[in-house]
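Undergrad:
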Amino acid sequence: MGECCCNNTKIRLIYSCSGCADVGELADQVARKLTREGYGKMTCLASISAGISGTIASAKGADENVAIDGCSVACARKTLENIGVKPTETYILTDMYLEKGKTAISEEIIAVVSEQIKQGTVSEAQSKEEQDKNKNTECSCGSC
Amino acid sequence: MKIEILGMGCPKCKKLTQNAQQAVAELGIEAEIIKVEELDKITEYGVMMTPALVIDGEVKVAGKIPSKQEIMTWIKEKNN
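If you read the sequences in order, they're chains P and W.
If you're matching positions, the first sequence starts at 1 in my numbering and goes up one per residue.
If you're matching positions, the second sequence starts at 1001 in my numbering and goes up one per residue.
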């Protein structure tokens, strides 16, 4: 369990998509590292999907909810939105120059991503540049 | 009806207990109000912060103190 609200400390909960792809695994590892380092407290996204009332009430009662998704499918963010919670911070690892299916999980990359999240160095400009790059990606249908 | 107050016995937990007692008294219903202070039992509910209010096994709120009025609304919903 996290905190008693009497402590008057900001309660920041962290959710990772924990998907089966490498970037999902990385999101999970980053959330665990951030928890160990005291940035926030990781909690179970699956528990929200399962409708566990305690986890849902905790998300609604937290000061901040951080969603870390491996890819743009954004399961963590959408799961929170489905219960009416808008995450205060959202991160998509494929917007941070990591490629789904081609990302090795190492201590180094876990540390780099964790630090970027803690320092807030995942700039909007960086994300936008990545989004623009994606827009220019050719369609696979071959007819447009 | 079973109402549980999850918390380690802090002032906010006590305030929540008071609000729950007043809600039950005002509605004139029969309800058992139980304080749950054991960490193991609190974590079984999946709550990440306390105090938390549980009505018939469903966590209604965590990390906040609901008003008497809010608790009355939840009790009525459960009774309907």
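Just so it is clear, CB atoms sit at the ideal spot from N, CA and C, and this is done for glycine as well.
Only a predicted model underlies this, so the values are computations on that prediction, with no experimental measurement involved.
My understanding is that A1031 of chain W touches I1003 of chain W, with C-beta atoms under 8 Å, so please give their C-beta distance in whole angstroms.
TA: If you number the second sequence from 1, residue 1031 of chain W lands on position 31. If you number the second sequence from 1, residue 1003 of chain W lands on position 3. Right, the Cβ-Cβ distance comes to about 5 Å (below 8 Å), so this counts as a contact.
Undergrad: Report all residues from its chain with a CB closer than 6 Å to the CB of K1035 of chain W; omit the five preceding and five following residues, and keep chain order.
TA: The residue given as residue 1035 of chain W occupies position 35 in the second sequence. Only I1005 meet the Cβ criterion.
Undergrad: Which residues in the same chain have their Cβ closer than 8 Å to the Cβ of K118 of chain P, if we skip the five residues on either side of it in sequence?
TA: Along the first sequence, read from residue 1 onward, the residue named residue 118 of chain P stands at position 118. Hits under 8 Å: L34, E37 and Y39.
Undergrad: Would a C-beta distance cut-off of 8 Å place V23 of chain P and T103 of chain P closer than the cut-off?
TA: What you label residue 23 of chain P is simply residue 23 of the first sequence in a count that begins at 1. What you label residue 103 of chain P is simply residue 103 of the first sequence in a count that begins at 1. Yes, the Cβ-Cβ distance between V23 of chain P and T103 of chain P is below 8 Å.
Undergrad: Between V1059 of chain W and chain P, is the shortest Cβ-Cβ distance under 8 Å, so that the two count as touching?
TA: Translated into positions along the second sequence, residue 1059 of chain W becomes position 59. So yes, V1059 of chain W belongs to the interface.
Undergrad: Taking C-beta pairs closer than 9 Å, name the residues in chain P that A1052 of chain W reaches, listed in chain order.
TA: Numbered from its first residue, the second sequence carries residue 1052 of chain W at position 52. What A1052 of chain W touches in chain P: G54, A57, S58 and G61.
Undergrad: Would you give the residue range spanned by the alpha helix (DSSP H) that K1064 of chain W belongs to?
TA: Within the second sequence, numbered from 1, the residue matching residue 1064 of chain W stands at position 64. Careful: K1064 of chain W lies outside any alpha helix (DSSP H) and carries neither H nor E.
Undergrad: For S47 of chain P, which of helix, strand or coil comes out of DSSP?
TA: For this step, residue 47 of chain P is matched to residue 47 along the first sequence. Helix.
Undergrad: Near K1012 of chain W, which residues of its chain fall below 6 Å by C-beta distance, leaving aside the five closest residues on each side in sequence?
TA: On the second sequence, residue 1012 of chain W is found 12 positions in, with the first residue counted as 1. Result list for K1012 of chain W: P1051 and I1065, in chain order.
Undergrad: Using DSSP's beta-bridge definition, name the partner residues of I83 of chain P.
TA: Within the first sequence, residue 83 of chain P is the residue found at index 83, counting from 1. Answer by DSSP bridge pairing: none, since I83 of chain P is not bridged.
Undergrad: Taking C-beta pairs closer than 7 Å, name the residues in chain W that T90 of chain P reaches, listed in chain order.
TA: The sequence position of residue 90 of chain P within the first sequence is 90, counting from 1. Going along chain W, no residue has its Cβ under 7 Å from T90 of chain P, so there is no contact; the nearest lies around 19 Å.
Undergrad: Taking T1017 of chain W as part of the alpha helix (DSSP H), name the residues at either end of that continuous run.
TA: Position 17 of the second sequence, counted from the first residue, corresponds to residue 1017 of chain W. T1017 of chain W -> alpha helix (DSSP H) spans P1011 to L1027.
Undergrad: If you follow the beta strand (DSSP E) that I112 of chain P is part of, which residue opens it and which one closes it?
TA: Locating residue 112 of chain P in the first sequence gives position 112, counting from the first residue. The amino acid occupying residue 112 of chain P in the given sequence is Val; Ile does not appear at that position. Not the beta strand (DSSP E): V112 of chain P falls in the alpha helix (DSSP H), residues E107 to Q119.
Undergrad: Given that a residue counts as buried once 16 or more other Cβ atoms are within 10 Å of its Cβ, and exposed if not, what is A1023 of chain W?
TA: Start at 1 with the first residue of the second sequence, and residue 1023 of chain W comes out as number 23. By the neighbour-count rule (16 or more Cβ atoms within 10 Å), A1023 of chain W is buried.
Undergrad: Spatial neighbours of I56 of chain P within its chain, please: C-beta separation below 7 Å, excluding the five flanking residues on both sides.
TA: Locating residue 56 of chain P in the first sequence gives position 56, counting from the first residue. Closer than 7 Å at the Cβ level, and outside the excluded window around I56 of chain P, lie I48 and I83.
Undergrad: I need the straight-line Cα distance from A1062 of chain W to G61 of chain P, nearest angstrom please.
TA: Translated into the one-based positions of the second sequence, residue 1062 of chain W becomes position 62. Translated into the one-based positions of the first sequence, residue 61 of chain P becomes position 61. Taking the straight line joining both Cα atoms gives about 6 Å.
Undergrad: Could you list the residues in the segment 30–41 of chain P with a C-beta less than 9 Å from some C-beta on chain W, going in chain order?
TA: So the list reads K41, given in the order they occur along the chain.
Undergrad: Would you give the residue range spanned by the beta strand (DSSP E) that V30 of chain P belongs to?
TA: To locate residue 30 of chain P, count along the first sequence from 1; it is residue 30. That residue, V30 of chain P, is in no beta strand (DSSP E); its alpha helix (DSSP H) goes D22 to R36.
Undergrad: Using only CA atoms, which one of W:M1048, W:T1017 and W:M1001 lies nearest to S1067 of chain W?
TA: Translated into the one-based positions of the second sequence, residue 1067 of chain W becomes position 67. Considering only alpha carbons, the answer is W:T1017.
Undergrad: Work out the CA separation of C75 of chain P and R12 of chain P for me, nearest whole Å.
TA: Counting from one through the first sequence, the residue named residue 12 of chain P turns up at place 12. Counting from one through the first sequence, the residue named residue 75 of chain P turns up at place 75. If you take the alpha carbons of R12 of chain P and C75 of chain P, they lie about 19 Å apart.
Undergrad: What are the partner residues of N65 of chain P, as DSSP defines its beta bridges?
TA: On the first sequence, residue 65 of chain P is found 65 positions in, with the first residue counted as 1. Answer is P:L13, bridged to N65 of chain P.
Undergrad: With DSSP as the reference, please indicate the residues paired to V1047 of chain W in a beta bridge.
TA: Residue mapping note: residue 1047 of chain W aligns to position 47 of the second sequence, counting from 1. Answer by DSSP bridge pairing: none, since V1047 of chain W is not bridged.
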